[in-house]
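Note that our numbering has the sequence shown beginning at 172, numbered continuously upward.
Built from N, CA and C at the ideal position, the CB exists for glycine as well.
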Amino acid sequence: MNIPESDNAISGKVLDDLLDVLFRAEADPGIRVLILAGAGDDFSVGGDRTEFSTLLAQDPSGEALSALLTKAERLCDALRGTELVTIARLHGRVIGAGLGLAVLCDLRVGADNCRFRMPELGLGVPPAWGGILPRLLREGGQPEVRELLLTCAAFDASKAKELSLLNKVVPLEQLDSAVREWSKPLTRRSPLALRMTKKALNAYGNTAQLAVGSSFDTALLTSVLSARELTRRP
172 MNIPESDNAI
182 SGKVLDDLLD
192 VLFRAEADPG
202 IRVLILAGAG
212 DDFSVGGDRT
222 EFSTLLAQDP
232 SGEALSALLT
242 KAERLCDALR
252 GTELVTIARL
262 HGRVIGAGLG
272 LAVLCDLRVG
282 ADNCRFRMPE
292 LGLGVPPAWG
302 GILPRLLREG
312 GQPEVRELLL
322 TCAAFDASKA
332 KELSLLNKVV
342 PLEQLDSAVR
352 EWSKPLTRRS
362 PLALRMTKKA
372 LNAYGNTAQL
382 AVGSSFDTAL
392 LTSVLSAREL
402 TRRP
């Protein structure tokens, strides 16, 4: 996201751009990793509230706003289901919908200056952007996330790490190095094996599909071996 003048607020155009980048990356068999980052001082301050107000003023029926939120759901569904490995590079403010996008990524590293908040209830709206609440509850733990949603309390990188919303916390000047520590070895992995691993992780992340794990494993392994994918050095 490269709109630092708006602190990377997530507008309809940003949603379109992110979807386009994701779909093009998925279509390229040579791409294994997608890094989600924000330019400027903040990762993202969340949904573009100015755009929300404008759409409601232009269309009081709410249809235009509903179309925007449906677009957010499409992006979140695409991130949730992608077979690319996704890495969130976080710094500064990570607010609302920005936190929602981050929590959908496989790996999340945050600078020690991160400040997180889910302010939706304080703004008079439910935390329903993009349908990310189930993932947020699962990743961060129901009691803790309930408290943060209901109180709209801000929390820092250490707290996010404690809640498993971050895998790592590093000094801001080491943030890019931390991302490379993950991305560099991943780019050397077999593309098919990596995508099939993501397919398995996505399937097992859906608890409704846990019962079919055995048959899924068989089909997964068969797919990889049929393509004659050989194990590479770790």
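Taken through DSSP and simplified to helix, strand or coil, L278 comes out as strand.
Taken atom to atom, the span from the alpha-carbon of G281 to that of V216 is near 15 Å. When secondary structure is reduced to three states using DSSP, F326 falls in the strand class. R351 sits exposed, since fewer than 16 C-beta atoms from the chains shown fall within 10 Å of its C-beta.
Taking 8 Å as the cut-off, the beta carbon of A273 is found no closer than this to the beta carbon of R264.
With fewer than 16 neighbouring CB atoms inside 10 Å of its own CB, E318 falls in the exposed class. Rounded to whole angstroms, the separation of the alpha carbons of L292 and R286 is 18 Å. For R264, the enclosing beta strand (DSSP E) has its first and last residue at R264 to I266. For the options N284, T322 and S329, the alpha carbon positioned closest to that of Q345 is the one of N284. For T257, the enclosing beta strand (DSSP E) stretches over residues V256 to L261. In this structure, DSSP gives R288 an extended state, which the three-state scheme calls strand.
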